[in-house]
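Engineer: Top to bottom, those sequences are chains A and B.
The opening position of the first sequence corresponds to residue 1 in my numbering, with each subsequent residue numbered one higher.
The opening position of the second sequence corresponds to residue 1 in my numbering, with each subsequent residue numbered one higher.
One structure, as structure tokens, below. Some questions next.
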Amino acid sequence: MKLLEIQQLSVSYGAIKALHGIDLELHQGEIVSLLGANGAGKSTTLRAISRMLPMTSGQILYKGENLAKIQAHNVVSRGIAHVPEGRGIFPSLTVLENLKLATWTVKTKQLAPRFNYVFTLFPRLEERKDQLAGTLSGGEQQMLAVGRAIMTDCELILLDEPSMGLSPRLCKEVFQALQQINKQGKTLLLVEQNANMALKIAHRGYVLENGRIVLTGPANELAHDSRVREAYLGTHKHSLGNS
Amino acid sequence: MEIIIQQLLNAAQLGAVYSLIALGYTMVYGVLRLINFAHGDIFMVGAFIGFMLATTLNMPLVLMMPLTMLLTALVGVAIERVAYRKLRDAQRVSLVITALGVGIFLENFVRIVVGPQTRQLPAQLPDSVLKFGSGLIITEDKIWIILISLALMIILWLFVQKTLMGTAMRAVADNSEVIPLMGINLNRVIAVTFAIGSALAAAGGVFYGQAYSIDPYMGIDLGWKAFIAAVIGGIGSIEGAVLGSFMLAGVEVFTVAYLSSNLKNGIAFGLLILLLLIWPSGIMGKPLLKKV
């Protein structure tokens with residue numbers, strides 16, 4: 001089933017066009033990775049989906065519903081959680097308060113199983129649950145940001161560079177957790193500069209360049225595509241669009 | 001000794017009123033990074049709403065006080081909605097000037113509606129005179145003002161620390177951009193903040209009117225003092241606003257009692273400068289916490 005369908009989406013920052021009519025779709029249960037260099041439009045795509053940015057044209061359908069008219073704070077209750085770039089945790093709140101705040105739209109009062117789920121996934125968060133989030137390490141903050149997404153009633157999680165600033169070991173830990181979350185039913189749209197990491201856990205991928213999708217396919221094919229290898233996995237940088 | 005205790009009670013009463021105003025400054029600053037310069041005038045509006053309810057409707061304090069708080073809260077919410085919301089992403093200076101304009105509007109509005117005279121709220125608190133020991137005389141209303149104010153502050157503290165809405169207010173102060181991603185309507189959190197800040201200022205206005213007199217321009221002086229108190233304590237911090245208020249009131253009351261009433265403002269403002277030299281972000285204010 002198609003969970004998310006983006007058709008001809010364009011987004012502009014003032015006079016500068018950041019996305020030039022992209023098409024993208026996500027099926028339930030998938031991990032889809034959105035790759036590209038800095039400034040290619042990856043974060044813009046996520047921010048458009050969660051309505052933090054207005055779109056210029058095109059449409060975003062989530063379960064068939066057009067998100068264009070929906071305000072940002074109502075996107076969460078539709079089932080979409082967004083783990084923003086730079087994690088976006090609340091540093092002067094405790095870990096527990098950060099997680100609780102994410103249950104704002106959750107109707108049920110039975111939060112214990114949800115907390116347990118997050119704490120099994122990230123035992124470090126339980127150890128530090130009364131600590132101020134600002135005192136956590138970068139990796140722990142990322143875990144908290146993902147944990148917060150799980151606390152909402154989401155089916156789709158948008159992740160913006162979860163590997164950023166993490167040691168390889170912590171990175172692996174976070175990505176293993178993401179894989180586990182996916183196996184337990186959540187659909188993930190993963191924005192990454194670390195293409196290697198992303199394509200290892202993704203089912204499919206899209207490559208963005210200057211606001212256009214230049215390549216798409218199954219993750220293992222992308223991982224072996226010579227153009228992707230050259231541009232994102234190897235050392236040699238050159239544009240896919242011109243090749 | 002008796003005189004010192006009496007002066008301490010005077011300071012506590014004034015400090016309670018300052019606190020009730022200062023909390024609004026600090027809370028609005030927390031969520032909007034705005035010094036709401038109209039806040040002193042919201043305090044004045046609260047005092048006059050209380051005055052109207054008590055005089056024209058003969059409402060007893062137990063009814064008048066909550067209703068005054070409610071109506072003033074609506075005024076605060078309306079101001080935010082009409083004057084500030086559209087400017088939220090504009091330059092800070094536009095917001096500050098708008099706030100000053102709203103303040104002047106409120107002063108003149110009240111002056112036209114009720115007149116420029118100085119008024120007195122009918123004394124509604126029990127005001128029997130209590131005598132202790134060798135000559136300590138305390139009027140009961142002072143005790144009530146201090147106790148009810150402290151109760152309101154404790155309720156506020158519990159609300160901010162323990163409820164989800166209170167947590168959201170602290171989260172807005174941390175990082176307002178992420179708030180919608182939690183499914184939280186930022187406008188609602190800001191409106192609730194204005195409502196609470198204005199309601200507390202209204203309580204301060206009613207108490208001030210019980211203890212002293214009220215006029216349409218009372219909010220200017222009192223507003224500045226409470227603002228200073230909030231800055232001394234650390235703007236953005238609730239505990240700081242209360243601490244700063246009682247400190248400032250103490251300095252003022254004792255200056256008047258032992259030095260000269262002419263020196264009151266000079267010493268109060270001098271204290272502000274001195275303390276800010278020692279603690280640039282206020283006594284309990286936290287320097288910006290940034291994680292790389």
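Every residue, glycine too, gets a C-beta built ideally from N, C-alpha and C.
Measuring only the C-alpha atoms, how far is residue 145/B from residue 207/B?
Structural biologist: Rounded to whole angstroms, residue 145/B to residue 207/B spans 6 Å at the Cα level.
Engineer: Is the distance from the Cβ of residue 220/B to the Cβ of residue 23/B below 9 Å?
Structural biologist: No; because the gap between Cβ atoms is not below 9 Å, this pair is not in contact.
Engineer: Could you pull the DSSP bridge partners for residue 66/A from this structure?
Structural biologist: In the DSSP output, where bridge partners are listed per residue, residue 66/A has 61/A.
Engineer: Within the region 39–110 of chain A, note down every full alpha helix (DSSP H) run reaching 4 residues or more, in order along the chain.
Structural biologist: If we require 4 residues or more, the alpha helix (DSSP H) runs fully inside the region 39–110 of chain A come out as 42–49, 72–78, 95–101.
Engineer: Pair every Cβ in the region 125–139 of chain A with every Cβ in the region 180–191 of chain A, then say whether three or more of these pairs are closer than 8 Å.
Structural biologist: Flag = no, the region 125–139 of chain A and the region 180–191 of chain A do not touch.
Engineer: Looking at chain B, is there any beta carbon in it that lies within less than 9 Å of the beta carbon of residue 88/A?
Structural biologist: Yes, contact with chain B.
Engineer: Exposed or buried, residue 286/B, counting other C-beta atoms within 10 Å across all chains shown (16 or more means buried)?
Structural biologist: The residue is exposed, with fewer than 16 neighbouring Cβ atoms inside 10 Å.
Engineer: Is the beta carbon of residue 158/B closer than 9 Å to that of residue 54/B?
Structural biologist: Result no, Cβ atoms of residue 54/B and residue 158/B do not sit closer than 9 Å.
Engineer: Provide the residue(s) that pair with residue 218/A in DSSP beta bridges, ordered along the chain.
Structural biologist: DSSP lists 204/A as partners of residue 218/A.
Engineer: Among residues of its own chain, excluding the 5 on either side of residue 133/B, which ones have a beta-carbon nearer than 8 Å to its beta-carbon?
Structural biologist: So the list reads 2, once near-sequence residues are dropped.
Engineer: Let me make sure I understand the geometry here. Which of 75/B, 56/B, 37/B has the alpha-carbon closest to that of residue 46/B?
Structural biologist: That would be 75/B, whose Cα lies nearest to the Cα of residue 46/B.
Engineer: For residue 2/A, which residues from the same chain have a beta carbon less than 7 Å from its beta carbon, with the 5 sequence-adjacent residues on both sides left out?
Structural biologist: For residue 2/A, where only same-chain residues beyond five positions count, the Cβ hits under 7 Å are 25, 27.
Engineer: Consult DSSP for residue 43/B and reduce its assignment to one of helix, strand or coil.
Structural biologist: Helix, per DSSP.
Engineer: Quick check on the DSSP output: the beta strand (DSSP E) that includes residue 21/A runs from which residue to which?
Structural biologist: First-last of the beta strand (DSSP E) with residue 21/A: 16–27.
Engineer: Reducing DSSP to helix, strand and coil, say where residue 119/A ends up.
Structural biologist: Looking at residue 119/A - three-state DSSP - the assignment turns out to be helix.
Engineer: Let me see if you follow: with CB-CB separation under 9 Å, is residue 74/A close to chain B or not?
Structural biologist: So yes, residue 74/A belongs to the interface.
Engineer: Ordered along the chain, which non-local residues of its own chain (more than five positions away) have a Cβ less than 6 Å from that of residue 10/B?
Structural biologist: These residues qualify, in order along the chain: 253.
Engineer: Would you report the Cα separation of residue 78/B and residue 124/A, rounded to the nearest angstrom?
Structural biologist: Cα to Cα, residue 78/B sits roughly 45 Å from residue 124/A.
Engineer: Measure how close the beta-carbons of residue 72/A and residue 51/A come, nearest whole angstrom, since I'm counting them as under 8 Å.
Structural biologist: Sure, about 4 Å apart at Cβ, within 8 Å.
Engineer: Report the three-state DSSP secondary structure of residue 189/A (helix, strand or coil).
Structural biologist: Correct three-state label for residue 189/A: strand.
Engineer: Between the C-alpha atoms of residue 235/A and residue 280/B, what's the straight-line distance to the nearest angstrom?
Structural biologist: Because residue 235/A carries a pLDDT of 47, less than 50, the predicted location of this residue cannot be relied on, and the following value inherits that uncertainty. So the alpha carbons of these two residues sit roughly 48 Å apart.
Engineer: Rounded C-beta distance between residue 271/B and residue 256/B? I'm assuming under 8 Å.
Structural biologist: Residue 271/B to residue 256/B, Cβ: 14 Å. No contact.
Engineer: Just to confirm the assignment, what range does the beta strand (DSSP E) spanning residue 130/A have?
Structural biologist: Neither: residue 130/A is in no beta strand (DSSP E) and is coded neither H nor E.
Engineer: Would residue 171/B pass as a contact of residue 90/A if the rule is Cβ separation under 9 Å?
Structural biologist: Yes, the Cβ-Cβ distance between residue 171/B and residue 90/A is below 9 Å.
Engineer: Can you tell me whether DSSP reads residue 139/B as helix, strand or coil?
Structural biologist: Residue 139/B: strand per DSSP, three-state reduction.
Engineer: Can you find at least 3 beta carbon pairs, one from the region 14–32 of chain B and one from the region 198–206 of chain B, that sit closer than 8 Å?
Structural biologist: With the cut-off at 8 Å, the region 14–32 of chain B and the region 198–206 of chain B touch.
Engineer: Give a yes or no on whether 9 Å exceeds the smallest Cβ distance from residue 89/B to chain A.
Structural biologist: For residue 89/B, the answer is no, since every Cβ of chain A falls outside 9 Å of its Cβ.
Engineer: Below 9 Å between beta carbons: does that hold for residue 212/A and residue 82/A?
Structural biologist: Result no, Cβ atoms of residue 212/A and residue 82/A do not sit closer than 9 Å.
Engineer: Please identify, using Cβ separations under 7 Å, the residues of the region 157–183 of chain A that lie next to chain B, in order along the chain.
Structural biologist: Going along the region 157–183 of chain A in chain order, one finds no residue with a Cβ nearer than 7 Å to chain B.
Engineer: Using only alpha-carbon positions, find the residue among 217/B, 71/B, 124/B, 213/B that is nearest to residue 199/B.
Structural biologist: When only C-alpha atoms are compared, the closest one is 71/B.
Engineer: Which residue's Cα is closest to the Cα of residue 129/A: 61/A, 95/A, 38/A, 75/A?
Structural biologist: The option with the nearest alpha carbon to residue 129/A is 95/A.
Engineer: Can you tell me which of 209/A, 156/A, 9/A, 34/A puts its alpha carbon nearest to the alpha carbon of residue 40/A?
Structural biologist: Residue 209/A is the option with its Cα nearest to residue 40/A.
Engineer: Between the region 92–109 of chain A and chain B, which residues of the former have a C-beta closer than 9 Å to a C-beta of the latter?
Structural biologist: Those residues of the region 92–109 of chain A that come within reach of chain B (Cβ to Cβ, closer than 9 Å) are 92, 93, 97, 98, 100, 101, 102, 103, 104, 105, 106.
Engineer: Counting Cβ pairs, one atom from each stretch, are 3 or more of them under 8 Å apart for the region 143–162 of chain A and the region 105–114 of chain A?
Structural biologist: These segments touch.
Engineer: Got a sec, what are the start and stop residues for the alpha helix (DSSP H) residue 160/A sits in?
Structural biologist: Where residue 160/A is concerned, there is no enclosing alpha helix (DSSP H), although the beta strand (DSSP E) it sits in stretches over 156–160.
Engineer: Which partner residues of residue 32/A appear in the DSSP bridge assignment?
Structural biologist: 189/A, 204/A, per the DSSP bridge assignment.
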